[in-house]
Every structure is written in structure tokens, then in C-alpha cells.
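Undergrad:
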Amino acid sequence: MNQDFMLALEAIEKEKGIKKETLFEAIEAALISAYKRNFNSAHNVKVNIDRNTGEMGVYSCLNVVEKVLNPHQEIHIDEARKKDPLYKVGDIIELEVTPKNFGRIAAQTAKQVVIQRIREAERDLVYEEYVDREEDIVTGLVQRFEQKNTIINLGKTEAVLTPSEQMPGEVYKQGDRLKAYILEVKKTTKGPQILVSRTHPGLLKRLFELEVPEIYNGIVEIKAIAREPGNRSKVAVYSRNKDVDPVGACVGPKGNRVQSIVSELKGEKIDIIEWNEDPEIFVARSLSPAKVLKAKIFSENKSARVVVPDYQLSLSIGKEGQNVRLAAKLSGWKIDIISETKYNENKAEKKTEQDSGGETAEISLETDVINTGDDAADLFKE
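Numbering (our numbering), first residue to last: 0 to 381.
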């Protein structure tokens, strides 16, 4: 060890944030292993490095005994007292056994330890940086593909986009710039592993926060999100300021704000709906762009029955039931849809039964009805 090495340790302490004492302890532990390995020693040894000069010494640790059974681990009390008359049985004496050619081995070992510690420190810094960004959005470049995973370069580290978190039909090319949502940051022996998603509703929420200042500032709040990645999403928004239109704020001038998000999501359609605490109003709005004539809530089974004009029936249902399915997820209510004609027919039948004195019958809305089949709400949670 020399003064140059001491200066290097001080520089590492300042630049990398690794305490010099931590490096000293790590180097001493590594030198013990190097000594035993290179000099075929199995007995107890200790390495001390002077914290001021960097001078190093290897010491054999021997127990002071009256009868020596193992000369590699014990020393007779008479021999010990030749070095210091205060030694007594049971003490441990340290005898320097530093080999003449140990300097080269020590320098090489110290270099390896320092490099390893620097790597570990950098990994820890990256982990600390990204673990606090879970549920946040990151931007990176598609770097390579491993099996079916897409590896995204974030600059200091990489993120993994697994097949289950990739948007259906989305094709990635090397060099593509992507925004993704951080699902989880794991600490592994090879460094932090960052798992990201392009399908999570949180990605849509963070994109709106980036594009809409009113959301970022807390004036407009995202109450719920329902998403079928790559196809269509519904977002319920609410304004804390009566003078601010939440839907208009999210759409932006000439639709440029929402269009930026649509472009990032490769054409995914987005319906922006104004949230209302009245479930009947909110359920009706959630079926947008379809118009709703009437909505009735049944709290006992968390369901809603909705009447729409005949010409709006297909629109309210959506392709393969997508619109009503997303509306149910957004609102948290199971939704049954019936056309205006069928509703009037059922209403007339009920009136006829009542006029004829027959038993009162509940209007059946189960005929020609679309049932979402979603009992649980998929509401977005912060």
C-alpha cells in the first residue's frame, strides 16, 4: 500500500459515497483469504492496514497455553513472555508473519475489492433511485430482446418489459423510445431488477399527469380508470374548481392533450367522462359515447339497469360488448342495457296486468339485455 492508494481511496469516498473505513475492512478481509490461499495457511491470521499511511501487516493469532498441542494455533507461555512479560495463559498473541513478496498480491487483491465495492455502491444508488419511483413513469430506448422479454435502456440501468405487460399487437423495434410504468423494483445479486408495464392503468394516469397541468396541480382529479390495453380506455375525471371543465382540460385545445396520449399508446381510444357522486348519473355517463334515457340503481346486488334509444343500443354495447364492459369496470356497477322499445313494451305489459287485477309483476329487463358479467369494480387506486 502507498500514499497514491490512500489518495485514491479518499477520491472514491468523495465521488462514490463509499466510506473509506468500509473499504479498509473489505480489503483486510480479502487479504486474509488471499494469504491463506497463496501461502497454504489454515491457521488464524489477521491483517491490519494503517489508516494513515496504508502500511499493511499480516499477523498470526496464537493462543497462550502451558502445553502446546497445535503449534499453528498455540504458543507456550514462556515464549510469549519473551515478547511481553505481561502475557498469561488464555491470552492471544499476534505475531507478524507478513511475507516479503506479499505486496504484489495485496495490491492486486485490494484493486479487485475496491472495484467490487464500487460496483455494489453504484447498484445500491440505482436501486435507491428507482425503488422510490415505483408506480411512476419512465422513458427509455428498446435495447434488445431476451426470449420474449423486451429490455429497455433507462440510461443508468435497464428495465424488463415481460410479454404479459406488453400491449396486444404492439411491435417493438431496437431503438424505439417508450414510456412505461414501473411495477416493481427488486434487489438482486446482479443489481436492481426493474419490472415495467405498458398495460397497467397507472401508465394512463401518469400520462395524463404529464400532459394535463390541471391534473398535475391537483385541480382536476382522476377518479377511476378502466382499460383494455391497446383497444380502448375510459377515464373518469372530477374538477375541484367549478370554473374548470375537467373533460375539456383533459382533451385540451383542439384535442392535442389527449391526442398525445393516444399516440403514445399506439392509437388506443380514450373516453373521458365527468365523474359524479350520484351513481345513476355516473353510470349513464360511463356508457359514453352512447346516450342514455334512464338509469336505475339496485344497491342490494350492486347493479344498474339502463335504457337507451333503439338506434343507440349497438353503440352502448360496443364491439363484442367492450363499451358496456368498460363502463361497468369504471363505475363499479354491473350494468344491464335495454332498448327503449323493449322497455316500453315491458312497461305496457306490466300496466295491463295491473289493470286486469292480476299479480303485480316486476318489469323484466332480462330479455334482449346485455349483461356485463363483471361483479367486481376495477377502479383505479392510487
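All C-beta atoms in this analysis are idealised placements derived from N, C-alpha and C, irrespective of residue type, glycine included.
Taking the alpha-carbon positions, what's the VAL184 to ASP123 distance?
TA: When rounded, the distance between both Cα atoms is 12 Å.
Undergrad: Near ILE17, which residues of its chain fall below 8 Å by C-beta distance, leaving aside the five closest residues on each side in sequence?
TA: Contacts found: ILE11, ARG116, ILE117 and ALA120.
Undergrad: Any contact between the region 169-186 and the region 232-247? By contact I mean 3 or more CB pairs, one from each, below 8 Å.
TA: With the cut-off at 8 Å, the region 169-186 and the region 232-247 do not touch.
Undergrad: Counting only runs that start and end within the region 285-359, where is the alpha helix (DSSP H) found for 4 or more residues in a row?
TA: Counting whole runs of 4 or more residues, the region 285-359 contains the alpha helix (DSSP H) stretches 312-316, 321-330 and 339-354.
Undergrad: I need the DSSP call for LYS247, collapsed to helix, strand or coil.
TA: Per the sequence presented here, residue 247 reads as Gly, with Lys not at that position. DSSP places GLY247 in helix when its eight states are reduced to three.
Undergrad: Indicate the three-state DSSP secondary structure (helix, strand or coil) for LYS233 in the structure shown.
TA: Note: LYS233 maps to strand in three-state DSSP.
Undergrad: Inspect the beta-carbon positions of GLU93 and LYS35 and report whether they are closer than 9 Å.
TA: No, these two residues do not count as a Cβ contact at 9 Å.
Undergrad: By DSSP's criteria, TYR180 is part of a beta bridge. Which residues make up the other side?
TA: The partner list for TYR180 (beta bridge, DSSP) reads ILE136 and SER196.
Undergrad: Counting only runs of 4+ residues fully inside the region 99-139, write out the alpha helix (DSSP H) ranges in chain order.
TA: You should have 101-130.
Undergrad: Do SER330 and ALA248 have their C-beta atoms closer together than 9 Å?
TA: Contact: no.
Undergrad: Just mark THR52 as buried or exposed, buried being the case when its beta carbon has 16 or more other beta carbons within 10 Å.
TA: With fewer than 16 Cβ atoms within 10 Å of its Cβ, THR52 is classed as exposed.
Undergrad: For the region 73-92 against the region 23-31, do three or more pairs of beta-carbon atoms, one drawn from each stretch, fall closer than 8 Å, so that the two count as touching?
TA: They do not touch, by the three-pair rule.
Undergrad: With a floor of 4 residues, list each alpha helix (DSSP H) that falls wholly inside the region 41-91, ordered by position along the chain.
TA: Runs found: 76-82.
Undergrad: Going by Cα to Cα distance, which pick from ASN100, LYS253, ILE193 and LYS346 is closest to VAL57?
TA: Nearest C-alpha to VAL57: ASN100.
Undergrad: Once the 5 residues before and after ALA109 are set aside, which same chain residues still bring their CB inside 8 Å of it?
TA: For ALA109, where only same-chain residues beyond five positions count, the Cβ hits under 8 Å are MET0, PHE4, ILE26, ALA29 and LEU30.
Undergrad: Classify GLY357 as buried or exposed, calling it buried when 16 or more other Cβ atoms lie within 10 Å of its own Cβ.
TA: With a pLDDT of 49 at GLY357, under the threshold of 50, the predicted position of this residue should be treated as unreliable, though the coordinate-derived value follows. By the neighbour-count rule (16 or more Cβ atoms within 10 Å), GLY357 is not buried but exposed.
Undergrad: Ordered along the chain, which non-local residues of its own chain (more than five positions away) have a Cβ less than 8 Å from that of MET166?
TA: Contacts found: ARG197, THR198, PRO228, GLY229, LEU264, LYS265 and GLU267.
Undergrad: May I ask which residues mark the beginning and end of the beta strand (DSSP E) holding LEU160?
TA: Looking at the DSSP string, the run of the beta strand (DSSP E) that includes LEU160 is 157-160.
Undergrad: Indicate whether the contact test is met: 3 or more Cβ pairs, each with one atom in the region 303-310 and one in the region 269-289, closer than 8 Å.
TA: Result yes; three or more Cβ-Cβ pairs closer than 8 Å.
Undergrad: According to the Cβ coordinates, are GLU169 and ILE193 closer than 9 Å?
TA: No, the Cβ-Cβ distance between GLU169 and ILE193 is not below 9 Å.
Undergrad: Tell me the DSSP bridge mates of GLY190?
TA: DSSP output for GLY190 lists THR187 as bridge partner(s).
Undergrad: Report the CB separation of GLU65 from ILE76 in whole angstroms; it is logged as a contact under 8 Å.
TA: Yes, GLU65 and ILE76 are in contact; Cβ-Cβ is about 6 Å, under 8 Å.
Undergrad: Taking the C-alpha atoms as reference points, what is the distance between ASN443 and PHE38?
TA: This structure cannot settle anything about residue 443, because the visible part of the chain is limited to 0 through 381.
Undergrad: Give me, in chain order, the residues of the same chain whose beta-carbon lies closer than 8 Å to that of LEU312; leave out the 5 immediate sequence neighbours on both sides.
TA: Hits under 8 Å: ILE336 and SER338.
Undergrad: Can you tell me which residues form a DSSP beta bridge with THR97?
TA: Paired residues: none, contrary to the question.
Undergrad: Which first and last residues belong to the beta strand (DSSP E) in which ARG226 is found?
TA: Here the beta strand (DSSP E) through ARG226 covers 219-227.
Undergrad: Keeping to the same chain, check which residues put their C-beta closer than 7 Å to that of SER259; ignore five residues upstream and five downstream.
TA: Answer for SER259: GLU210, listed in chain order.
Undergrad: What first and last residue would you give for the alpha helix (DSSP H) that runs through GLU20?
TA: Its alpha helix (DSSP H) spans residues 19-37.
Undergrad: Let's see if you can read the secondary structure: which residues bound the alpha helix (DSSP H) around LYS15?
TA: Taken as a continuous stretch (DSSP letters only), the alpha helix (DSSP H) holding LYS15 covers 2-15.
Undergrad: So is ASN343 buried or exposed if we call it buried at 16+ other beta carbons inside 10 Å?
TA: Answer is exposed; the Cβ neighbour count stays below 16.
Undergrad: Along the beta strand (DSSP E) that carries GLU273, what are the first and last residues, could you check?
TA: Note, GLU273: beta strand (DSSP E), 268-273.
Undergrad: What three-state label does DSSP hand ARG239 in the structure shown?
TA: ARG239 falls in the coil class under three-state DSSP.
Undergrad: So for VAL386, helix, strand or coil by DSSP?
TA: Beyond the ends of the chain as shown, which are 0 and 381, falls residue 386; an answer cannot be given.
Undergrad: With ASN216 as the anchor, note down where its alpha helix (DSSP H) starts and where it stops.
TA: Element bounds for ASN216: n/a, residue is neither H nor E.
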